[in-house]
Amino acid sequence: MADEAGLLGRADELRRVTGLLADLPERGAALILRGDAGIGKSALLSRATEVAGKSGVRVLSTTGVEAESHLDFAGLHQLLSPVLDLVEELAGPLRTAILTAFGLAAAAPPDLFLIALASLGLLAEAAARQPVLVVVDDAHWLDPASAAALTFLARRVAAEPIAVLLAARDAGDVPVAPDVPELRLTALEPWAAQALLHARAPGLPAPARAAILAAAQGNPLALVELPAVAGALDPAGPWLPLTARLEQAFSARLDDLPPTAVSVLRVAALNDGDVLAETLAAAGLLERRPADRPTDRLGNHPVDPDALQPAIQARLVTVDGTRIRFRHPLIRSAIHHRISGVQRLAVHNALATVLADQPERRLWHRARGSAGPDERIALDLQAAAARARQRGAVAGAVHTLEMAARLSTDPARRVERLLSAAVLATEIGRRTEVDRLLDLIGPAEISTVQQARTAWVRGRFDNHLAGSVDGAWGLVSYARQALGQGEPDLTLDLLHAVGLVCAWSEPGPGLRRSAVETARRVPVDAGDPRLLLVLAYLDPVECAAEVAAALTTRAMSAEGDATAATPASRTTSATGDTTAATPATRTTSGAGDATAAWTLATAANAVGEHRLCLSFIAPALTRLRDQGRLGLLTRALAVQGRSAANLADLGVAVPAAEETIRLAREISVPPVEALGWAEHAQIAALRGRFDEFEESAAQAELLATPLRAAAALATVQHARGLAALATGRYTDAVGHLLRIFADADPAGNMLRCWDAVGDLAEAAFRGAEQDRVRDAMDRMEAVSERVPTAALRVGLGYARALLAADDEVEDRLRALLATDLGGWPFVRARAQLVYGERLRRTRRRAESRLMLRTARDTFDALGTVPWGERARQELRAAGESSGVRSPAALDRLTPQELQIAQLAAVGLTNREIGQRLYVSHRTVSTHLHRIFPKLGVVSRAGLQAALDRQDAGVHPR
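The numbering of the sequence shown is our numbering, which starts it at 1113 and goes up by one.
Here it is as structure tokens:
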């Protein structure tokens, strides 16, 4: 309750809520209030609204309504309507996205996250003029699209003068935001419950007071409402949950109302709007009226508004001008339970008649009012789902397609609609909903293609890792069937799923060969990005040469396009749509298309062509950011992070790994999050940040182990090997790294062997354990005859030099350094370090100093601190002191600050940076003001020079 008494016993909670307002405008924050119905969430929101009004804070609010939860973006539209006049302040893509979502513009379907970013932008524009409090009550009944958008922006208001308060019943009813704090409201203390009851019902007899206190269980709403039915409470009666008792208390009041008032309440309870006139008109259709009764513009005989007076006096509803609202959602729920099935159909059909000029709402009531399957309505619903998808309301489209399936008269169309709904549900990360929709298909006979699609959809959330090798064989079988049915796109989707199993784990050569044979029969161009990725995943050993050749041809043909050809600059080191579990783009265009560019980059990554990968991924990331496709963007970042980490391009790798983790958690893709943590561990080991390394490695293993995600586990072992190598624990390093080369080990993974072969050789070389790694090296030598790709070529070249006979090591190192290692500075510097060490130990100090100095400067520029320190030690032993390494930008800035500095340095505006990083432009401005003093500059004009200078990393002693 919102009055003073209703806040008895809530002093701590009130301080927590109003504390958000006290921090404005210096910083923003969000808080989710959770608790049972009637526990006092609305009272706290009301008090916060009151405090905000007195403090000069603008309040924007919205309330979830169960009957309106099918109306796409209804809650978000209600919230933002007062500030839509600021929409022209937004960047073009954001402006188009939000207007399209609200049906105010027609454009290509916007991604939900782009709509959410536009919402944040609108709020930020409003907050620039006056601090803003966002109040969302009954968030558990918001339409799913609005709920997702509000959860997104709640995570991103810290740098804005915006406070966000959301109230919801429990964690299962509203999207969970792991990094948004929650405040759970519990029952009032006995003293507060007694005081509240006395304040609201001072004359109650002692027995009734005791019965109500026992029944209310400290719930404020119950303490206010149960006194009205105190005489009906039987302490010895059957036990009922408190919510049921409250509903009974509200329901009992209906018995004393006139039939017409009850009829109006039934309509209001089932109506998905609160306009009084339409409720009265629909109620009029349910009532028998004299022919001379006045009619409205539709020819209906609406009920007189005075008929509602008894319901108002019974404190069931309020009427505010043209709106009718229930005083509490439990009242609506109580009336719901009192409506029989026949009455329900009648009410929905009456509303459908009244809403003749609102086709979307009318269709929903027609569907609800149908007494059985109706293919005409099902077809209309299918078309409505397409329109919802066009507005970016994927969750609404899922719900509408499910309703269409329920009303389908044709079994095949029913299955197709359920499958389509399930596919869309994967786009928004609804795993349980996908499983439920597919389960609805039931045992009915479905086509071969539909069976294949079902198998494909079921595994998309975990990249098909939860399934066994038998499951992967089943996907190959389905792929062959789909191919025979003339479905090349579905065939490639299924083979991509098999490829993920092969890339993340080791299913055996038989499966790989069978899948590759099927892939080669798909009637697409040999250079189709989808086919290249499938082949790279399925068998990177046998297919690496042809994939690498095709990718090189692609890159060369794109050289005229500076964006596509430029190797990954640091300005793209930031961040997909969960449809990214498949490369299912229906285009074979080059890097100019975001999905095709991502597909080419991922194929290059899979076969160890890391420089090619970074050249393809750069434009893909830019476009995916502009389109707001977080699922695909997240996977693209993981790909970028792996390639950059293996090239020791830490300015790219650090923010990529950090954002992979954050976004993968946000869109619920555990395998990709595990890979992000593993990459973060590898990067931390390279930087010598061993506490971070341990935490990241542990988190990666926690996520990857139950999924049997060998790719992530192998990356963790690579990180452990690097950390041991960096700290002189060479025997440990060999042990960790050998696990990657063992097929039977959970961390065994061929693709990661190519990345780790040089590290394994160095650990064996420094620890005098060459014999221990001989078998692994022989295996890699055999593989290299079929795999000409860069990672293995460079890594094995380094390994050969270190594991050669002692009198051949220097010759091998000189030969390696004479090759083109321009894209592999870390490997080159390590070879120089080893060579310099040997020169010093054989008393060729002058030569050694030149080699060691060059290696040190490279390590310092890269930020690979442990290797730089080793080079310094060797230089000291050779008679030369080194300058003190000055902390580089990589060390001075957080990952997000580094991203912002890089983007600002190449001339992007704050708005452009904000759109790319999914924050408001004011958040970017706040970060820049922190970045400038850290880098020793006073404006963005000096950023590029500062970044270049910081990367040099050395100041004289």
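Glycine is no exception: its CB is placed at the ideal position from the N, C-alpha and C atoms.
Reduced DSSP secondary structure (H/G/I, E/B, other) of residue i
| i | result |
| --- | --- |
| V1247 | strand |
| A1468 | coil |
| V1276 | strand |
| E1294 | strand |
| S1559 | coil |
| V2050 | coil |
| D1432 | strand |
| L1388 | helix |
| A1917 | coil |
| A1854 | coil |
| L1309 | helix |
| F1185 | coil |
| F1214 | coil |
| R1529 | helix |
| R1128 | helix |
Inter-residue CB distance, residue i and residue j (contact presumed, cutoff 8 Å)
| i | j | result |
| --- | --- | --- |
| P1782 | L1815 | 5 Å |
| V1946 | L1964 | That belief does not hold up - the Cβ atoms of V1946 and L1964 are roughly 10 Å apart, past 8 Å. |
| Q1829 | R1801 | The Cβ separation is near 18 Å, so there is no contact. |
| A1483 | L1519 | Incorrect: roughly 11 Å between the Cβ atoms, too far for contact. |
| L1382 | A1179 | 6 Å |
| L1354 | A1334 | 6 Å |
| T1746 | G1504 | Incorrect: roughly 18 Å between the Cβ atoms, too far for contact. |
| A1765 | I1795 | 5 Å |
Buried or exposed by the 16-neighbour rule on C-beta atoms within 10 Å, applied to residue i
| i | result |
| --- | --- |
| H1460 | buried |
| T1931 | exposed |
| G1168 | exposed |
| R1988 | exposed |
| W1866 | buried |
| W1303 | exposed |
| K1166 | exposed |
| Q1739 | buried |
| D1492 | buried |
| V1055 | Residue numbering for the chain in the displayed model covers 1113 to 2069; residue 1055 lies beyond these limits and cannot be assessed. |
| S1181 | buried |
| G1620 | exposed |
| H2033 | buried |
| P2045 | exposed |
| S1559 | exposed |
| Q2011 | buried |
| V1247 | buried |
| T1714 | buried |
| L1216 | exposed |
C-alpha gap between residue i and residue j, whole angstroms
| i | j | result |
| --- | --- | --- |
| L1736 | Q1306 | 57 Å |
| L1606 | Q1562 | 12 Å |
| E1487 | E1359 | 37 Å |
| L1825 | A1812 | 7 Å |
| A1880 | T1839 | 16 Å |
| S1896 | G1870 | 13 Å |
| L1643 | E1629 | 12 Å |
| G1702 | P1641 | Caution applies to G1702, whose pLDDT of 40 falls short of 50 and renders its modelled position unreliable; the value that the coordinates give is listed next. Their backbone Cα atoms lie some 8 Å apart in a straight line. |
| R1984 | V1977 | 10 Å |
| V1921 | A1835 | 25 Å |
| R1496 | H1310 | Here residue 1496 turns out to be Ala, not Arg, going by the sequence shown. Roughly 53 Å separates the two Cα atoms. |
| A1831 | A1507 | 39 Å |
| T2035 | E1294 | 23 Å |
| V2070 | Y2030 | Outside the shown range of the chain (1113 to 2069) lies residue 2070, about which nothing can therefore be said. |
| N1331 | W1789 | 43 Å |
| V2050 | A1660 | 45 Å |
| T1130 | A1361 | 33 Å |
| A1917 | A1537 | 59 Å |
| G1315 | G2026 | 60 Å |
Beta bridge counterpart(s) of residue i as assigned by DSSP
| i | result |
| --- | --- |
| D1883 | Note: D1883 sits in no beta bridge, so no partner. |
| R1950 | According to DSSP, R1950 bridges with nothing at all. |
| L1172 | V1246 |
| I1144 | L1278, E1294 |
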